[in-house]
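Numbering (this note's numbering), first residue to last: -9 to 117.
From the three backbone atoms N, C-alpha and C, an ideal C-beta is built for every residue, glycine too.
In what follows, a single structure is set out as structure tokens and then discussed.
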């Protein structure tokens, strides 16, 4: 399945690393019907690399309550299980998302970093 190129926007260019493609999951916290993950998988296949899914958890996000966090963590548990069933590593990191994503990209010498689309200003700042 080829992703429509109009759905893809390059935010920054650089030399590809020798490691896997990292998909930084944020808004689309699911495996199925996830265009960014499909794009990451296409890039990984084209470069004969693997895919790693990264989710960065912040201690405070907008005005989310503990119930909202509990709901999200329950969904992430399911997402993690689905990833592992498909042989895709799932990495959960705590802290500043931009810093945690950069750490993982550098640690695995990522071929590229793929993000899902999100219009929230704070997420644009992270990217």
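Note down the Cα distance separating residue 5 from residue 83, rounded to an integer number of angstroms.
-> Taking the straight line joining both Cα atoms gives about 25 Å.
Continuous beta strand (DSSP E) stretch holding residue 41: start and end = For residue 41, the enclosing beta strand (DSSP E) starts and ends at 41 to 47.
With contact counted as at least three CB pairs below 8 Å, one residue from each stretch, are the region 19 to 34 and the region 97 to 107 in contact?
-> Short answer: they touch.
CB contact flag (residue 15, residue 43, <7 Å) | Taking C-beta atoms as the reference points, residue 15 and residue 43 count as a pair closer than 7 Å.
Distance, Cα to Cα, residue 39 vs residue 85?
-> Rounded to whole angstroms, residue 39 to residue 85 spans 27 Å at the Cα level.
Is the beta carbon of residue 30 sitting closer than 7 Å to the one on residue 13?
-> Result yes, Cβ atoms of residue 30 and residue 13 sit closer than 7 Å.
Where does residue 69 land, buried or exposed, given buried means 16+ other C-beta within 10 angstroms?
-> Buried is the call here.
Grab the span of the beta strand (DSSP E) containing residue 17 for me, first residue to last.
-> Premise fails: residue 17 is in no beta strand (DSSP E) and is neither H nor E.
Quick one: residues in its chain with C-beta nearer than 6 Å to the C-beta of residue 79, no 5 flanking neighbours on either side, listed in chain order?
-> Closer than 6 Å at the Cβ level, and outside the excluded window around residue 79, lie 42.
Confirm, please, whether the CB-CB distance from residue 92 to residue 9 is below 7 Å.
-> Remark: C-beta atoms of residue 9 and residue 92 do not approach each other more closely than 7 Å.
What separation, rounded to the nearest whole angstrom, lies between the Cα atoms of residue 11 and residue 45?
-> When rounded, the distance between both Cα atoms is 14 Å.
Measure the C-alpha to C-alpha separation of residue 65 and residue 96 and round it to an integer number of angstroms.
-> Going by the C-alpha atoms only, they are around 27 Å apart.
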